[in-house]
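S.K.: Chains as they are written, first to last, in our numbering: chain A, 5 to 311; chain B, 86 to 420; chain C, 43 to 602. Virtual Cβ for every residue (Gly too), placed ideally from N, Cα, C. From a predicted model like this one, the values you see are computed outputs, not experimental measurements.
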Amino acid sequence: MVITTRKKRVDELARADMETSLVAGAWRRLRRIPVFFVGVTIMAGFVLVALSAPWLAPHDPTAALLLDQVSKARNTIPAPQPGYPLGGDDQGRDLLSRLLIGSRQTLLVGVLATLIGFAGGLVLGTVAGALASWVDTVIMRVVDAMLSIPSLLLAVSIAALFAHPSQLTVILAVAVVQIPIFARLLRGSMLAQRVSDHVLAAQALGVRPSAVVFRHMLPNALSPVIVLATIVLATSIIDAAALSFLGLGNPDDTVPEWGQMLARAQDVFDTHPELAFWPASCIIVVALGFTLCGESLRDALDPKNRR
Amino acid sequence: MLRYTLRRLGQMTLVLLALSLLIFVWLHALPGGPVSALLGERATPEAARTLTSQLGLDQPLYVQYVRFLLSALSGNFGASIGVQPGIPVTQVFLERFPATVELTVCAITLAVAVGIPLGYVAARRRGGLLDTLSIIGSLISVAIPVFFLAFLLKYVFAVKLGVLPNSGRQDAIDATRVTGFFVLDGILTQEWDAVLNSLEHLVLPAIALAAVPFSVIFRITRAAVLDVQDENYVRTAESKGLTGAVISRRHVLRNAMLPVATTIGLQAGALLAGAVLTERVFNFPGIGDALALGFQQRDYPLLELLILVAAVVYMAINLVVDLSYGMIDPRVRAG
Amino acid sequence: MVQARTTRGRWLAAVCLVSVASLVLTGCVQSQRGRHPAAGRGGGTLTFGLEGQPKVFDPFYAADGPTFVVTHQLFNNLVTFKPGTTELTGELASGYEISPDGLSYTFHLRKGVTFTDGTGFDATTVCKNFARWYGQTGAGQAEAVSQYWVDNVGGFSDGKMPSLYSSCAVQDPSTAIVRVSRTSSQFLELLAEAPFAIQSPTAMDAGHANDVRRQGGSFTFPPYSSTPVGTGPFKLFRDDVTNKTIELVRNDGYWGDKAKLDKLVFKVIGDETVRKQELQSGGIDGYDLPSPADWAPLETDGYQVLKRPAFDLLYLGLGQKNNPALRELKVRQAIAYAINRRQLVKTQLPEGALVATQFQPSSVDGYANDVRAYDYDPVKARQLLAEAGKPNLTVNFYWPSEVTRPYMPSPHDIYTAITNDLRAAGITVNAVTRPWNGGYLAALDQGSADLFLLGWFGDIPVTANWSGQFFGDPDNRFGTGNSPWGQQLANMLRRADADPDPARRTSDYQDINRKIMAEYLPGVPLAHSPPAIVFKKNVTGFVPSPMTSSEESYGPVSVS
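#1: On the three-state DSSP scale, how would you describe C/ASN118?
#2: So, using beta-carbon positions, are C/ILE311 and B/ASN368 closer together than 8 angstroms?
#3: For C/SER571 and chain A, any beta-carbon pair shorter than 8 angstroms?
#4: Pull up the distance between the alpha-carbon of C/PHE276 and that of B/ARG262, whole angstroms please.
#5: Tell me where the alpha helix (DSSP H) around C/TYR416 begins and ends.
#6: Establish whether the CB of C/THR470 and some CB of chain A are separated by less than 8 angstroms.
#7: Spell out a yes or no on whether the region 536-550 of chain C and the region 220-234 of chain C are touching, meaning 3 or more CB-CB pairs, one atom from each, closer than 8 angstroms.
#8: Mind checking if C/ARG384 is an interface residue toward chain D, Cβ cutoff 8 angstroms exclusive?
#9: Roughly how far, in whole angstroms, is the beta-carbon of B/VAL174 from the beta-carbon of B/PRO370, given that I think they are within contact range, below 8 angstroms?
#10: For the beta strand (DSSP E) that contains C/ILE554, what are its first and last residues?
#11: Using a Cβ cut-off of 8 angstroms, pull out every chain A residue sitting near C/GLN319, in sequence order please.
#12: Can you tell me the Cβ-Cβ gap for A/GLY263 and A/ILE241, rounded? I've got them flagged as a contact below 8 angstroms.
#13: Comparing alpha-carbon positions, which option in C/PRO265, C/THR522 and C/VAL504 lies nearest C/VAL98?
#14: Taking contact to mean 3 or more Cβ pairs, one atom from each stretch, closer than 8 angstroms, check whether the region 106-113 of chain A and the region 225-234 of chain A are in contact.
#15: Among the candidates B/LEU294, B/VAL199, B/THR137 and B/LEU214, whose CA atom is the shortest distance from the CA of B/ALA358?
#16: Going by beta carbon distance, what residues of the same chain come within less than 7 angstroms of B/HIS286, once the five residues before and after it are set aside?
#17: Is any beta-carbon of chain B found at less than 8 angstroms from that of C/GLY359?
#18: By a C-beta neighbour count over all protein chains shown, 10 Å radius and 16 as the cutoff for buried, is C/PRO79 buried or exposed?
#19: Just checking: is the beta-carbon of A/GLN270 within a distance shorter than 8 angstroms of some beta-carbon in chain B?
#20: For A/ALA164, does the three-state DSSP call read helix, strand or coil?
#21: Taking the alpha-carbon positions, what's the C/GLY86 to C/TRP337 distance?
#22: With H, G and I counted as helix, E and B as strand and the rest as coil, what does DSSP make of B/VAL201?
#23: What distance in whole Å lies between the Cβ atoms of C/ASP327 and C/PHE110, which are believed to be in contact at a cut-off of 8 angstroms?
#24: Leaving out five residues on either side along the sequence, give the residues of the same chain with a beta carbon under 6 angstroms from the beta carbon of C/ARG47.
#25: Is the beta carbon of C/TRP498 sitting closer than 8 angstroms to the one on C/PRO442?
#26: Rounding to the nearest angstrom, what Cα-Cα distance links C/MET43 and B/GLN275 in this structure?
#27: With a threshold of 16 other CB atoms inside 10 Å of the CB of A/ARG310, please say whether the residue is buried or exposed.
#28: Identify which residue in B/SER121, B/ARG92 and B/ALA360 has its Cα closest to the Cα of C/LEU483.
#29: By the DSSP assignment, the alpha helix (DSSP H) with B/THR274 in it spans what residues?
#30: Looking at the C-beta of C/PRO339, does it have a partner C-beta in chain A at a distance below 8 angstroms?
#31: Just to check my reading of the structure: C/TYR440 and C/PHE494 have Cβ atoms closer than 8 angstroms, yes? What is that Cβ distance to the nearest angstrom?
#32: Quick check on the DSSP output: the beta strand (DSSP E) that includes C/LYS309 runs from which residue to which?
#33: Which residues bound the alpha helix (DSSP H) around C/PHE229?
#34: Find out if the Cβ-Cβ distance for the pair C/GLY361, C/ALA467 is shorter than 8 angstroms.
#35: Which partner residues of C/SER146 appear in the DSSP bridge assignment?
#36: Let me confirm a value: B/VAL245 is counted as buried when at least 16 other C-beta atoms fall within 10 Å, else exposed. Which label applies?
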């Protein structure tokens, strides 16, 4: 009975520690960083556009509505005109609608790649960090080996592995690259947690190991991971674009995605740079938004700044 | 120090061995293969079968791997199948390596030369206009896809303005080849126009490739200088009345360099990945270009070697970085 | 301060060391400029953008376009095609005769020809070349090494496989007699192909030309392969792999009209867009196969876009192995009627492209004017499907990604257009896309595709090189072996190829083409597209060939 109450108290301590010193403190500092709000605004705007794209898009993004203005022989594409503020692409499809609908796939690529990378890293990092033994050594060697291949090359090899390139293979390729990064980070913070006071206290009180891991170590190890996740989301979008550029992207362009649109536009870059300019700007702005958020969060959560 | 180095080298060998197996299995699991790359639409199903067995690709994978490993251990990585068929892949690598080294060295030099001073100045004048502008610049250069930046640079400076060449390493100006490093060759043979010509070809790809490392180096330098200038020894030095220059050089910069050195090392892998994209856009005949072509044509032996070498270079640079801690920070030397 | 001084001292020492080292190194390497004699005689240099790295400079071991573009400048063949035509004429042989039984070829050789290494050219050198091709051993016999010989001539002197070639005899120094084991419609044309160029026996011996080795999963080539010696208008000066350029200089001892250029540089630029930009920024003087979309803008900008007559074919393959429904003629005919080929050619293919009526262009001997036509008729297509009992036909349709071919500028667009047509005729289409080298071709070899896009560019204007290549073996990508007529068609093609009488052969081939289109229809021929080549305004004398760059000489080209 006594032990249960003590256990509860340790739990409360751990939660309190996290809540007051991390979340509240971070928020206090974040409020003073204007850049954070810029980042959040971009992020929120992006997600909003992606969610409401089907209602925002003025036309069907796959319909070649302006095909009669496209000529392969004369190298023309539809210019901006009433109803089509950005004109059409080289297949006569409305560029604005494609950009709007494209945000959905781009969001999907970013979020899924980050989630899969995070989940993989979570499993590996938690197992390694929680069970410091030969398991740790083996996992970390594998992670090191994965990290020793430059990320894009790793993504390229994985993407090339699939017989049918598709949006999913792109997501998987980009995600796998993130796994070792998450794993390393999680293991590092788990190790730090393992020797921290509240964990030692919990262990001394005989709390079950699984409970120690999931209720005391993991929540506290997560905050740097959240920071990393926002940044990874941005890199995933950029990496996916690079895969498309190398010809390993989704070949089906009836479901537009910014990276794919950008990669396709490279062929006509010197005659129609605007086809590349729009998706590129979108990618840059969104990646910037996520990076700004991540960086400000990192600053805010950095213990060195907790003065 | 020596024992530490040896242990690290031992670990590297093990990782490489495991990696070689991984890459081998990986590559051979890729759909398609060198046979269709070699024969194209000319292949009849029968010819494809004959060639598959002539290349030994119909044997069990472990047999192929053991054969590869044994000859690789004796320094023979086989000959290229698709990119430059018949040429030993080590030779293909050696012919292309100098190009990538020239490019990456230029890029990293550029990134360091701009990133460190800018980071230092930005930190010393925290919150100023320069600080804000350079932070924005560094954030954008991470957010912009490398290949798009490369296209943009090429479009503006080579195609529209025509001030810089838009592809390749050198024009056909009959330059003498000595080492394969074109800039160095020009200096050695005193063909100064060749030096200039190669440098001109390097400018745009190097800028494109430098964007990401610049941003990282800038931000780390800035952060490190911010950290260090609040440390007690810097305050002590200030209170001792040392001049700003001496403090900067001897206390702030020296101590701030530690994380910066790590970062530069970590950028090596990113540089190689960036080189794949940049070299492709600028038709620059380096390793990255060979990698991209190798993937297209499923040139197994070449890919195997190039990826392994990439890993070796990456690990070696990390080792050097770890060792250089000792030189920059005397405290680390003891451990 | 002591600390600071030592640091500065260290720096100073390092700087001194580097400067001294570079001073020492700089004098010890000599510049090697201007060491070739042809440089700087006012003929100028032409730089041409080549689409890929030549694989090997010994053409006998090559099968890739870029190699042939280069080796065609370095070598001559016994016979060649008249510039700009598909008509055969003598080159190193000033004349030739074929015996009435079609088994013996007598070549009257040109006199006074020497190789660039000084070796004289005569009947002995001709026979040595034949003996070398025929005498390949070990790795030299591999499909990937001697591809043209294996595919077109057959086996080697060890007799394991039958060979079309049988012997070469020297009658006198300027007459060589070559005998073949059976009559063939294409032997003479084969000899005009780049792999069968005549090379210097002396240089081949010195460079161990036949020393090809298999090494693991690949082949290595002997030193001769990078230092070829021929009789052509140019000779190889250097292959600068580090800069992706191949530099040729004029052969001043050339037996024919000497080349006008001092120097011919091939610059390898894999990406079509980059080639265009290089042309516009002046880095190159011309390049092959500009994208059809660029033809008009390039012409507007003052470049010469030379269009060759179409000598290629795009077809829709109908694979019979995977889908039994496609073994029925009516189903295949329904597909042919369902496709609006006229519209496809107009919207998706370059200017000057033609609808293909059969599996060869009209310039190839054996073309029949009266084959069964399949004009666009979706109603008839539905009707045929109903008659065949397959009103709900479902097919998979393979199309390749990561590739463009001269006959197929945008696979995706062509696939989309055809699919729309097929769907309009009530056919259910499931798209499958694979990278060209990443499973597409392999899937076709395995016969897993019902419908697939593929094409061909001819080497020579002989039907054996077209339908003969497609259907000559019933085990092919169309899976014609699954129908009783597959073997029949192969036999007919073989018989026609072996007919020594040219007139009868032509009518045999016309019959075959009529039958293919009316009774067999193993695929739907779609289009012939004219490939173009582009040069700057100041380049003159270039004669485009229907057989594209491997038959085009830079000898008469000049830059003003």
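M.R.: Per the coordinate set shown:
#1: Here residue 118 of chain C corresponds to residue number 76 of the third sequence, with the count starting at 1. Three-state result, C/ASN118: strand.
#2: Numbered from 1 along the third sequence, position 269 holds the residue referred to as residue 311 of chain C. Numbered from 1 along the second sequence, position 283 holds the residue referred to as residue 368 of chain B. Closer than 8 angstroms, so yes.
#3: Along the third sequence, read from residue 1 onward, the residue named residue 571 of chain C stands at position 529. No, its Cβ sits nowhere closer than 8 angstroms to a Cβ of chain A.
#4: Position 234 of the third sequence, counted from the first residue, corresponds to residue 276 of chain C. Position 177 of the second sequence, counted from the first residue, corresponds to residue 262 of chain B. The alpha-carbon separation between C/PHE276 and B/ARG262 amounts to approximately 22 angstroms.
#5: Here residue 416 of chain C refers to the residue found at position 374 of the third sequence. For C/TYR416, no alpha helix (DSSP H) segment is defined, and its DSSP state is neither H nor E.
#6: Counting from one through the third sequence, the residue named residue 470 of chain C turns up at place 428. Cβ-Cβ to chain A under 8 angstroms: no for C/THR470.
#7: yes
#8: Note that chain D does not occur in the displayed structure, where the protein chains are A, B and C.
#9: For this step, residue 174 of chain B is matched to residue 89 along the second sequence. For this step, residue 370 of chain B is matched to residue 285 along the second sequence. 15 angstroms between Cβ atoms; not a contact.
#10: To locate residue 554 of chain C, count along the third sequence from 1; it is residue 512. Element bounds for C/ILE554: not the beta strand (DSSP E) but the alpha helix (DSSP H), 544-557.
#11: On the third sequence, residue 319 of chain C is found 277 positions in, with the first residue counted as 1. The answer, in chain order, is ASP274.
#12: Walking along the first sequence from the start, residue 263 of chain A turns up at place 259. Walking along the first sequence from the start, residue 241 of chain A turns up at place 237. Yes, they are in contact, since the Cβ atoms of A/GLY263 and A/ILE241 sit about 7 angstroms apart, within 8 angstroms.
#13: The residue given as residue 98 of chain C occupies position 56 in the third sequence. Checking every option, the nearest Cα to that of C/VAL98 belongs to C/PRO265.
#14: no
#15: The count along the second sequence starts at 1 and reaches residue 358 of chain B at position 273. Nearest of B/LEU294, B/VAL199, B/THR137 and B/LEU214 to B/ALA358, Cα basis: B/LEU294.
#16: In the second sequence, the residue the question calls residue 286 of chain B occupies position 201. Once the five neighbours on either side are set aside, the close Cβ partners of B/HIS286 are PRO250, GLY253, ARG254 and GLN255.
#17: Taking the third sequence and counting its residues from 1, the one referred to as residue 359 of chain C is at position 317. So no, C/GLY359 is outside the interface.
#18: What you label residue 79 of chain C is simply residue 37 of the third sequence in a count that begins at 1. Caution is warranted here: a pLDDT of 47 is assigned to C/PRO79, below 50, making its placement in the model unreliable, and no coordinate value can be reported.
#19: Stepping through the first sequence from its first residue, residue 270 of chain A is reached at position 266. Cβ-Cβ to chain B under 8 angstroms: yes for A/GLN270.
#20: Your numbering for residue 164 of chain A matches position 160 in the first sequence. Helix, per DSSP.
#21: For the purposes of this step, residue 86 of chain C is taken as the residue at position 44 of the third sequence. For the purposes of this step, residue 337 of chain C is taken as the residue at position 295 of the third sequence. Within the model, the alpha-carbon separation for C/GLY86 versus C/TRP337 is close to 26 angstroms.
#22: Locating residue 201 of chain B in the second sequence gives position 116, counting from the first residue. A quick correction: the sequence has Ile, not Val, at residue 201 of chain B. Reduced to three states, the DSSP call for B/ILE201 is helix.
#23: Indexing the third sequence from 1 puts residue 110 of chain C at position 68. Indexing the third sequence from 1 puts residue 327 of chain C at position 285. The pair is not a contact, with the Cβ atoms about 20 angstroms apart (cut-off 8 angstroms).
#24: Numbered from 1 along the third sequence, position 5 holds the residue referred to as residue 47 of chain C. Because the pLDDT of C/ARG47 is 45, which lies under 50, any placement of that residue in the model is unreliable, and the number read from its coordinates should be weighed accordingly. Contacts found: none.
#25: As a first step, residue 498 of chain C is located in the third sequence; it is residue number 456 there, counting from the start. As a first step, residue 442 of chain C is located in the third sequence; it is residue number 400 there, counting from the start. Not a contact, by the Cβ cut-off of 8 angstroms.
#26: Walking along the third sequence from the start, residue 43 of chain C turns up at place 1. Walking along the second sequence from the start, residue 275 of chain B turns up at place 190. Its pLDDT being 38, under 50, C/MET43 is placed unreliably by the model, and the measurement read from it follows with that caveat. Answer to the nearest angstrom: the Cα atoms are 41 angstroms apart.
#27: Here residue 310 of chain A refers to the residue found at position 306 when the first sequence is read from its first residue. Because the pLDDT of A/ARG310 is 46, which lies under 50, any placement of that residue in the model is unreliable, and the number read from its coordinates should be weighed accordingly. Exposed, because fewer than 16 other Cβ atoms sit within 10 Å of the Cβ of A/ARG310.
#28: Locating residue 483 of chain C in the third sequence gives position 441, where the first residue counts as 1. Nearest option by C-alpha distance: B/SER121.
#29: For this step, residue 274 of chain B is matched to residue 189 along the second sequence. Start and end: 267-274.
#30: By one-based count along the third sequence, residue 339 of chain C stands at place 297. It does: the Cβ of C/PRO339 has a partner Cβ on chain A nearer than 8 angstroms.
#31: Translated into positions along the third sequence, residue 440 of chain C becomes position 398. Translated into positions along the third sequence, residue 494 of chain C becomes position 452. Right, their Cβ atoms sit about 4 angstroms apart.
#32: Mapped onto the third sequence, residue 309 of chain C falls at position 267. Unbroken beta strand (DSSP E) run through C/LYS309: 305-310.
#33: Counted from its first residue, the third sequence places residue 229 of chain C at position 187. Residue range 229-233 is occupied by the alpha helix (DSSP H) that includes C/PHE229.
#34: By 1-based counting over the third sequence, the position of residue 361 of chain C is 319. By 1-based counting over the third sequence, the position of residue 467 of chain C is 425. No, Cβ-Cβ distance for C/GLY361 and C/ALA467 is not below 8 angstroms.
#35: Taking the third sequence and counting its residues from 1, the one referred to as residue 146 of chain C is at position 104. According to DSSP, residue pairing for C/SER146 in a beta bridge involves C/ARG221.
#36: Within the second sequence, numbered from 1, the residue matching residue 245 of chain B stands at position 160. With the sequence shown as reference, residue 245 of chain B is identified as Lys, and Val is not the correct amino acid for it. B/LYS245 is exposed by the Cβ-count criterion.
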